[in-house]
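Working notes, beginning with the structure itself.
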Amino acid sequence: MTFRPRSTALAGLILIAGLSWSFAPRAQFNERPANVETYVQQYRYLAVELNQATGIPIPVILAVAGLETGWGTSELARNANNHFGLKSKEDWTGWEYCKPSIEYGGLQATQSWECFRKYPLIRASYIDFGIFITSSDNYQHLHEFPAWDNRSWAEGLHAGGYATDPGYADKILRIIW
818 MTFRPRSTAL AGLILIAGLS WSFAPRAQFN ERPANVETYV QQYRYLAVEL
868 NQATGIPIPV ILAVAGLETG WGTSELARNA NNHFGLKSKE DWTGWEYCKP
918 SIEYGGLQAT QSWECFRKYP LIRASYIDFG IFITSSDNYQ HLHEFPAWDN
968 RSWAEGLHAG GYATDPGYAD KILRIIW
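Going by this note's numbering, 947 is the number at position 130 of the sequence shown; the sequence numbering is gapless.
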């Protein structure tokens, strides 16, 4: 019985804190920078088409594209229509765009000269990303994950070797959430 006043005071404090949080302006929690919204609005239809064709979750598609292109503003996006940072390896027979790139060997970042796939249209970049993910043995395990499991998809992309940045999966998840 002696604990009753304390628990009442604690309950009142929790109630006040909860009410003050619930009336906090929502803009600080839900707003995204204008360039992010512009990119999502401009290319969402391509992400939807790709999702329908491949099952890759729309948030993952847009987060990877946004991260890789600085929301459409990167040199690679502007000059090569490459929205996914796909490199031109020996099996690539299309155009290339070569430029300096930051690569990671473990936790150490280094700058190297890399050649990337170049596309005539942005749509081709989205289609090629879908082909790349669905045809590579490195990513076959991704389709075991439900479409709503963004964490598993992000971690699976990184584990499959999609990016050398050790924080890549976390960056994708911060964009989605």
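C-beta: ideal position from N, C-alpha, C; glycine also.
Note that the structure is predicted; figures quoted are calculated from it, not measured.
Residue from the options whose Cα sits closest to the Cα of residue i
| i | options | result |
| --- | --- | --- |
| residue 897 | 930, 929, 938, 871 | 938 |
| residue 909 | 895, 923, 982, 936 | 936 |
| residue 953 | 911, 979, 900, 881 | 979 |
| residue 951 | 983, 872, 902, 985 | 872 |
| residue 874 | 982, 900, 968, 987 | 968 |
| residue 915 | 988, 922, 903, 962 | 903 |
| residue 964 | 865, 859, 930 | 865 |
Buried versus exposed, by CB contacts within 10 Å (16 or more), residue i
| i | result |
| --- | --- |
| residue 890 | exposed |
| residue 947 | buried |
| residue 855 | exposed |
| residue 888 | buried |
| residue 862 | exposed |
| residue 852 | exposed |
| residue 934 | buried |
| residue 880 | buried |
| residue 840 | Summary for residue 840: the model assigns pLDDT 38, below 50, so the residue's position carries little reliability, and this model does not support an answer. |
| residue 973 | buried |
| residue 847 | For residue 847, the predicted model reports a pLDDT of 49, less than 50, meaning its position is unreliable; a value from the coordinates is still stated below. The residue is exposed, with fewer than 16 neighbouring Cβ atoms inside 10 Å. |
| residue 961 | exposed |
| residue 885 | buried |
For residue j and residue i, believed in contact at Cβ under 8 angstroms, the rounded distance
| i | j | result |
| --- | --- | --- |
| residue 993 | residue 876 | 5 angstroms |
| residue 919 | residue 928 | 6 angstroms |
| residue 780 | residue 990 | Residue numbering for the chain in the displayed model covers 818 to 994; residue 780 lies beyond these limits and cannot be assessed. |
| residue 878 | residue 867 | 6 angstroms |
| residue 882 | residue 901 | 6 angstroms |
Residues sharing a beta bridge with residue i, DSSP
| i | result |
| --- | --- |
| residue 919 | 928 |
| residue 935 | 912 |
| residue 904 | 933 |
Give the list of continuous beta strand (DSSP E) stretches no shorter than 3 residues that lie fully inside the region 845-881. none
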